[in-house]
Amino acid sequence: MSIDTSRVATSNSSAATAKKPGKAGAVANWADERLGLGTAMKKNLRKVFPDHWSFMLGEIALWSFVVLLLTGVFLTLWYHPSMAEVVYEGSYDPLRGVLMSDAMASTLDISFDVRGGLMIRQAHHWAAMIFIASMMIHLLRVYFTGAYRKPRELNWVIGCLLLLLGTLEGFTGYSLPDDLLSGTGIRAADGFMKSIPVVGTYVSFFLFGGEFPGDQIIPRLYMIHVLLIPGLLLALIAAHMLLLVYHKHTQWPGPGRTEENVVGFPMLPVYAAKAGGFFFIVFGVTAIMGGLLGINPIWKYGPYDPTKVTAGSQPDWYMGWPDGALRIMPGWEFHLGGYSFALNVFLPIIVLPGLMFTILLLLPFIESWITGDKREHHLLERPRNAPTRTALMVSLMTFYGLMWAAGGNDIIAITLNSDINQITYFMRVAVFVGPAIAFWVTRRWCISLQRHDEAKLLHGYETGVIMRSPEGGYSERHLPISENAAYTLTARDRDVVYTPGSETDESGVAAPGGRLNGLRAKLSELWFADNVQKPTAQELEEARHHAEHEHALTAALDGVAADGHQFDGHHAVEGESLRGH
Amino acid sequence: MRILNSAAGRLSRLRRGRLAGALLLMVGLLAAGGLWTAVMTPASAEKTQDLASQVEEGRKLFLVGCSTCHGTNGEGILTDRGNNLGPSLVGVGAAAVDFQVGTGRMPMAQPGAQAPRKDVAYSDEETAALAAYVATLGPGPAIPAESDYSIDGLDSEAQEAAIVRGGQLFLTNCTACHNFEGSGGAMPNGGYAPTVRGVDSKYIYEALLTGPQTMPTFSNGNLTPDQKRDIIAYLNNLNDSAGVGGFGMGSLGPVAEGLFAWIVGIGGLVGFAVWIAAHTTRSSKKKVQA
């Protein structure tokens, strides 16, 4: 059988060759062949992130950390971590000739004799304050939306550690200038350590290399500030981000969004541009604040001297709440065998922060133990749909806020013309009563909002159209909400109260952990008590029928008066004048 | 004034001698008599006449405006519980009156934790008359002269040295209550150390000298007149060179800084986050629903 070759193309006599790549392509190809970037990038450049402003709060922390690294490197070029005594001879006249530590003198040089030094120093300080504040609001967002549930519990733990390390990093940082305010802070920290029973004095002597202040503390804090903690922070931030990529970002529920997918925009070009742009905004805001708002004017505090102190000696804001606890603590102290036990210091400043941090760390585990919920969650929950969870955090926030205010009791007293003693007495009670009130109010508030959602699903939204019946009674017309809105409102799970298995097995032997399970069941019941569950499909169907029936009853009114759509914007009304007038 | 004080100090060291009392009496009588004859020339008699009439005017003002609390002879009035309605003014000196009345603290509008600074109720002449009258109740610090609290008379190098000394003295003696920039601070039971920024140098000097309200008295033994002057020079220098780092946010320390970090810093950045999230990718004017 002969083959007709007349139809075979004759042009492809040679193998196909790729078009010569452009310059960028050539570089990318060079890198790909050596680093294998293509495979890694192919997936990650197209990685999808959901779009919501609250998902960008953690980014503020990330970018302010980058700003901290950049400005911090600048500062290390001129700062001397030394407590050697020198005579200041720089250009700030009111301190010239004063004896001070080399650390203080070099910080003054950064402020007055290094070009741009003061602005960078202030930007570094502002960025530090913003770094910790943004970690906190990011934490609140993650908590309130339930994003810390399985599988993200460990990322929550990492985040908490970042918050703790960031706080310590801040403290070691603002202590470095060795000015009057920071020296007072180090003195206070020395007292806190010494309040620890038995080992307190040892801890203090080890850290200070002898009795306070010694000549060791500034170099040691410097090493902790520029090497130890930043290293840990970098490692934990990397782990935090890797877990974020591995888990994928959570998203709000809505049509098309499930536990199995992520709906949003890809990394390139959308999020690369958004996140990159946000970095410059964060840098810009900290730079503007550093340029315009004077922070920590060490030249006014002067060098540290244990004989001096200034009114308004407060730590930076993130250390403010334990300081508040210290300020309102009654002076409890007892002596045993010649040793003092300073509970007035030990309880508020060592025990309380440790306790609060432990609670924070354990929140996801406590919740999942109580609710018995071990499922994976990638869809977020609205705060109202977890009333007890929301109320718990608001209660903790209230505690924090009151302690915070107590830490500024003297500033409140002078700016609001009030009595510092009365503020202190008020706070002693309020830190216990306030969180309880806040818990109750928030919980009931959430449940009321749930009821509102239920009413919207079953009875529709309020049109604002008032109807008058033939008998003369007035009622407001309700219309059904859109399908999309109804889907979003109902895209949540029903709460399941944990019920323990039977307390005894077939042979009548009590099951292990029976009593604990009983407690767990009680807590679970309290956790979900009074929550409004979403309506069932049957209830929704009935509501729809009811609405149709109602509409039929009032149909006679249609064509007589406005049906409300003229005003609510639900459909176009062009050419449709108000009827029957 | 300074010479008188130091003379009194030297005299007081001789007080313990056995004959010191009698000797002192002799010296005093002789000096008083001698002065009377030597000084009572017609010109100074006129001055004395002026002073007497000023004191008399001051007494009348005092009876109207002050005696309700301080007593008709400035002896002070006790309440039933033994507290002071108004303290005795014997020995407080003209400086105390000039400070309290000149800054509007006296007359007090109402009893309270502390007399606040307010609008001045008396004219300069009336204040001077009140001061002259109260000075006659007993010896006390006189109103300082401008040379006491001004460094204008010094050369620039000495001025700079005075400011440096004053700064360190201020941080040692004053900041514990008045804050590192003199912005003021809280005191127990509703009291407060008021701001010392923008206060007339004379009044700061008088306050140091007389220790108004809860403030301790910084006698010339505690802070020499030169040291007082240096502190005032430092404060004036702060006023002139304010705002090196930018807006100071009330100069209240880290509490105000924290407030700005949250409101300006975090508030602004969250605003930007909302703005970025609201502007998402799109090819038409309508927002893409993601």
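These protein sequence lines are chains G and A, in that order.
Letter by letter, the first sequence follows residues 1 to 581 of our numbering.
Letter by letter, the second sequence follows residues 1001 to 1290 of our numbering.
All C-beta atoms in this analysis are idealised placements derived from N, C-alpha and C, irrespective of residue type, glycine included.
For clarity, every value in this text was computed on a predicted model and none was experimentally measured.
Residue i at chain G interface by Cβ criterion, 8 Å
i              : result
residue 1217/A : no
residue 1252/A : yes
residue 1280/A : yes
residue 1109/A : no
residue 1011/A : Low per-residue confidence applies at residue 1011/A: pLDDT is 49, beneath 50, and the placement is therefore not dependable, though the value from the model is reported in the following sentence. Closer than 8 Å: no.
residue 1236/A : no
residue 1248/A : yes
residue 1086/A : no
residue 1113/A : yes
residue 1243/A : yes
residue 1257/A : yes
Whether residue i touches residue j by CB criterion (8 Å)
i              : j              : result
residue 312/G  : residue 406/G  : no
residue 1076/A : residue 1087/A : yes
residue 46/G   : residue 267/G  : yes
residue 233/G  : residue 162/G  : yes
residue 106/G  : residue 79/G   : yes
residue 393/G  : residue 148/G  : no
residue 1232/A : residue 1205/A : yes
residue 492/G  : residue 409/G  : no
residue 462/G  : residue 476/G  : yes
residue 130/G  : residue 286/G  : yes
residue 1168/A : residue 98/G   : yes
residue 1183/A : residue 1172/A : no
residue 1164/A : residue 94/G   : yes
residue 292/G  : residue 1247/A : yes
residue 300/G  : residue 1180/A : yes
residue 191/G  : residue 345/G  : yes
Cutoff 8 Å: residue i Cβ touching any chain A Cβ
i             : result
residue 481/G : no
residue 560/G : Unreliable placement is indicated for residue 560/G, whose pLDDT of 48 sits below 50; the coordinate value is still reported in the next sentence. So, not an interface residue.
residue 96/G  : yes
residue 184/G : no
residue 134/G : yes
residue 120/G : no
residue 143/G : no
residue 463/G : no
residue 19/G  : no
residue 287/G : no
residue 57/G  : yes
residue 45/G  : no
residue 293/G : yes
residue 297/G : yes
residue 413/G : yes
residue 93/G  : yes
residue 129/G : yes
residue 328/G : no
Test: residue i CB closer than 8 Å to a CB of chain C
i             : result
residue 109/G : Looking at the structure shown, chain C is missing, and the protein chains on hand are G and A.
Three or more beta-carbon pairs under 8 Å between the region 209–217 of chain G and the region 349–359 of chain G, yes or no?
no
Which residues, in chain order, does the region 1117–1137 of chain A contribute to contact with chain G at a C-beta distance below 9 Å?
none
Note down, in chain order, all residues in the region 1171–1205 of chain A with a beta-carbon under 8 Å from any beta-carbon belonging to chain G.
1171, 1172, 1175, 1176, 1177, 1178, 1179, 1180, 1181, 1183, 1184, 1185, 1186, 1187, 1188, 1189, 1190, 1192, 1193
Taking only runs that begin and end inside the region 288–356 of chain G, name each unbroken beta strand (DSSP E) of 3 or more residues, in chain order.
334–336, 339–341
Kindly confirm or deny that the region 1196–1208 of chain A and the region 1144–1155 of chain A touch, where touching means at least three C-beta pairs closer than 8 Å.
In this structure the region 1196–1208 of chain A lies against the region 1144–1155 of chain A, because at least three pairs of beta carbons, one per stretch, are closer than 8 Å.
What are the complete alpha helix (DSSP H) segments, minimum 4 residues, inside the region 1186–1232 of chain A?
1201–1210
Please determine if the region 444–455 of chain G and the region 365–384 of chain G are in contact, where contact requires at least 3 C-beta pairs separated by less than 8 Å.
Look at the beta carbons and you see the region 444–455 of chain G touching the region 365–384 of chain G: at least three pairs across the two are nearer than 8 Å.
Give, in chain order, every residue of the region 1133–1167 of chain A whose Cβ lies closer than 9 Å to some Cβ of chain G.
The residues in question are 1160, 1161, 1163, 1164, 1166, 1167.
Does the region 128–142 of chain G come within contact of the region 43–60 of chain G, defined as at least 3 CB pairs closer than 8 Å?
With the cut-off at 8 Å, the region 128–142 of chain G and the region 43–60 of chain G touch.
If you pair each beta-carbon of the region 218–227 of chain G with each one of the region 333–340 of chain G, do three or more pairs fall below 8 Å?
no
Alpha helix (DSSP H) runs wholly inside the region 1141–1192 of chain A, at least 4 long, in chain order:
If we require 4 residues or more, the alpha helix (DSSP H) runs fully inside the region 1141–1192 of chain A come out as 1146–1149, 1156–1173, 1175–1178.
Using a Cβ cut-off of 9 Å, which residues of the region 1259–1276 of chain A contact any Cβ in chain G, in chain order?
1259, 1260, 1261, 1262, 1264, 1265, 1266, 1268, 1269, 1270, 1272, 1273, 1274, 1275, 1276
Can at least three beta-carbon pairs, one atom from the region 17–35 of chain G and one from the region 238–252 of chain G, be found at a separation below 8 Å?
The region 17–35 of chain G vs the region 238–252 of chain G: no contact.
Which whole runs of the alpha helix (DSSP H) in the region 206–245 of chain G are 4 residues long or more, in chain order?
217–223
Along the chain, which unbroken stretches of the alpha helix (DSSP H) at least 4 residues long are found entirely within the region 451–485 of chain G?
none
Could you name the residues of the region 152–184 of chain G whose beta carbon sits closer than 9 Å to any beta carbon of chain A, in the order they occur along the chain?
174, 180, 181
Just to confirm the assignment: which complete alpha helix (DSSP H) runs, minimum length 4, are found wholly within the region 1053–1125 of chain A?
The region 1053–1125 of chain A contains, as complete alpha helix (DSSP H) runs of 4+ residues, the segments 1067–1070, 1093–1102 (chain order).
What alpha helix (DSSP H) runs, 4 residues minimum, are completely inside the region 378–451 of chain G?
387–407, 409–415
With three or more beta-carbon pairs closer than 8 Å as the criterion, would you say the region 172–181 of chain G touches the region 264–282 of chain G?
no
Name, going along the chain, the residues of the region 420–450 of chain G whose beta-carbon falls closer than 8 Å to a beta-carbon of chain A.
420, 421, 422
The region 302–313 of chain G: positions lying closer than 8 Å to chain A by Cβ
302, 305, 307, 308, 309, 310, 311, 312, 313
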